[in-house]
Amino acid sequence: MGVYKNPLLTVDIIIEIESKGVILIRRKNPPYGWALPGGFVDYGESLEEAAIREAKEETDLDVKLNKQLHTYSDPRRDPRHHSISTVYIAKADGKPNAKDDAAEIGIFNESNLPDEIVFDHRSILNDYFRRVF
């Protein structure tokens, strides 16, 4: 009997903050750089539950998911492994705090995105800002 290797299932969250922009986290772990908050879906957990949990774990914010942006599945999107990510757009009020895998939090808009964005998150943000997919 063969061993099967399946892609890992993840979620990423574009958290809109009070018309100021969207939250990115600076990662504590490799690959280093700025990223959307997100992470792995736990067994027995829905995509929506995972997105809400990951947002809370990394930003300390309670989010309200408004829309699913898109699912990204390019096997090269994460240099560590093949992962498939469903991206949600969410709203939150309050002051974000860097938690869990986040070393720092920033609020950005299309005109001031940081240079060092990891994974395919720059492409995801471009889709978000242009709403083209």
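First residue of the sequence shown: 12, per my numbering; consecutive thereafter.
Note that beta-carbon positions come from the ideal geometry of N, C-alpha and C, so glycine has one too.
Buried versus exposed call for residue i [16 or more other C-beta atoms within 10 Å across all chains shown]
i, result
"S30", "exposed"
"T82", "exposed"
"R87", "exposed"
"P48", "buried"
"E121", "exposed"
"P107", "buried"
"Y99", "buried"
Cβ neighbours of residue i in the same chain (closer than 6 Å, five flanking residues each side left out)
i, result
"A109", "E115 and I116"
"N123", "none"
"P125", "W45"
Residues bridged to residue i [DSSP beta-bridge criterion]
i, result
"K75", "K102"
"T21", "F51 and S96"
"T82", "T97"
"F119", "V33"
"R38", "A113"
"E27", "V33 and K102"
Option nearest residue i by Cα separation, candidates the options
i, options, result
"I128", "I26, R38, N17 and G32", "R38"
"E69", "D111, K16 and D104", "D111"
"P41", "L124, I135 and F130", "F130"
"D89", "K16, R64, H132 and I28", "H132"
"A61", "N77, W45, I24 and I36", "I24"
"L136", "Y15, A46, G13 and K16", "A46"
"N17", "R142, A113, S84 and I63", "S84"
Chain-order list of residues whose beta-carbon lies under 7 Å from that of residue i (same chain, five-residue window excluded)
i, result
"L58", "V22, V52 and T97"
"A26", "It should be noted that the sequence gives Ile, not Ala, for residue 26. Once the five neighbours on either side are set aside, the close Cβ partners of I26 are V33, I34, P48, A66, T70, L72, V74, A101 and A103."
Contact test: residue i Cβ vs the ligand HEM heavy atom, cutoff 7 Å
i, result
"R87", "Among the components of this structure there are no ligands whatsoever, and the ligand HEM is therefore not found."
Nonlocal neighbours in the same chain, by C-beta distance under 8 Å from residue i, ignoring five residues either side
i, result
"L19", "F51, H92, H93, S94 and I95"
"F140", "E121"
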